[in-house]
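Report on the following structure.
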Amino acid sequence: MLERIQKIAHFLDERKIGNPKVAIVLGSGLGGLTQQIHIQREIAYREIPGYPVSTVQGHGGTWIYGTLNGVEIVVLNGRVHYYEGYDMKEITLPIQVLKEIGIEKIILSNAAGGMNPSFKVGDIMIIKDHINLFGNNPLLGINDDRLGPRFLEMGEAYSSRLRKIAFQTAKTLGIHLQEGVYMGVSGPCYETPAEYRMFHVMGADAVGMSTVPETIVARYRGLEVFALSVITDLGVIGLIEKISHEEVLTAAAAAGPIMETLVCTMLPKI
Ligand code: HPA
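If you read the sequence shown in the working numbering, its first letter stands for residue 129, the second for the next number, and so on.
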């Protein structure tokens, strides 16, 4: 595993621009942020030997070096999902590679269904905690102690420091933010009304099919994590409407500019 990570990291290191410490992973429909990046180098995932490539429409697939609001960054425009049939180690490989090239902080974004009755489509939810309902974990198996601990502490997986900066930034921008617990599920089905209700009872405010495995591996590798969901549909009893992947992408793209403004503005402060 480590050898494969290092091989990919070496390939990317040779093409690296500057010395970025922050990485951003863009979720479904949230690729609009790439318009604001001063892109210095863009590498298609399929050109990176050994790198997992997404099969889903709407999930771009490029590794970007550039600057955003004056801050050197790596942007992963698109991710692979568990529901595509990859295993947990594979979908979190990019996080391992980021650590290997020197990244210290990571911003994860996703589209999610809102279950908190006070949420609206288009809201942005800062993730304060998660529930792993994938039925799997990327750290299962023999542990490589060079990478991280056998028993990972998860008391503050989502940095309270970064969340505080987000709320302070949002206030100055007049952006209203929600905050809540993200339920990570395998998908690819969207939830039944009974599942949405159960997840809410269990303590989750939003549900989606990514981010949780990435956060686990990011914490395992000692990265500071900030994550946010764009609420693209509602799983609130009485408000549930039929949704499709296209509608999720459209809703994400509509709310995308607000997320972009928030991330851009807070970047120099993190
Ligand atoms: N459920 C799961 N994943 C999602 C949803 C949802 O309602 N919306 C966007 N991603």
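Where is the CB? At the ideal position from N, CA and C, for every residue including glycine.
Nearest candidate by alpha-carbon position, reference residue i, set the options
{"i": "residue 316", "options": "199, 240, 221 and 179", "result": "240"}
{"i": "residue 348", "options": "234, 156 and 166", "result": "234"}
{"i": "residue 359", "options": "223, 245, 171 and 203", "result": "245"}
{"i": "residue 392", "options": "140, 203, 227 and 137", "result": "203"}
{"i": "residue 273", "options": "398, 350, 384 and 139", "result": "350"}
{"i": "residue 189", "options": "158, 176, 205 and 280", "result": "205"}
{"i": "residue 265", "options": "220, 145, 285 and 225", "result": "220"}
{"i": "residue 183", "options": "217, 156 and 380", "result": "156"}
{"i": "residue 370", "options": "326, 390, 319 and 147", "result": "319"}
{"i": "residue 309", "options": "331, 297 and 279", "result": "331"}
{"i": "residue 259", "options": "295, 327, 216 and 279", "result": "327"}
{"i": "residue 142", "options": "162, 311, 229 and 215", "result": "229"}
Distance CB(residue i)-CB(residue j) smaller than 8 Å
{"i": "residue 353", "j": "residue 288", "result": "no"}
{"i": "residue 236", "j": "residue 345", "result": "no"}
{"i": "residue 364", "j": "residue 242", "result": "yes"}
{"i": "residue 395", "j": "residue 313", "result": "no"}
{"i": "residue 398", "j": "residue 150", "result": "yes"}
{"i": "residue 145", "j": "residue 193", "result": "yes"}
{"i": "residue 178", "j": "residue 132", "result": "yes"}
{"i": "residue 148", "j": "residue 201", "result": "yes"}
{"i": "residue 158", "j": "residue 298", "result": "no"}
{"i": "residue 139", "j": "residue 176", "result": "yes"}
Those residues which DSSP pairs with residue i across a bridge
{"i": "residue 290", "result": "Bridge partners of residue 290: none, in fact."}
{"i": "residue 359", "result": "240"}
{"i": "residue 153", "result": "204 and 236"}
{"i": "residue 195", "result": "166 and 200"}
{"i": "residue 260", "result": "312"}
Contact between the stretch 291–309 and the stretch 247–263 is defined here as three or more beta-carbon pairs at a separation below 8 Å; is this criterion met? Because the criterion of three Cβ pairs below 8 Å is met, the stretch 291–309 and the stretch 247–263 touch.
Does the pairing of the stretch 323–342 with the stretch 208–221 give three or more beta-carbon distances under 8 Å? With three or more CB-CB distances shorter than 8 Å, the stretch 323–342 counts as touching the stretch 208–221.
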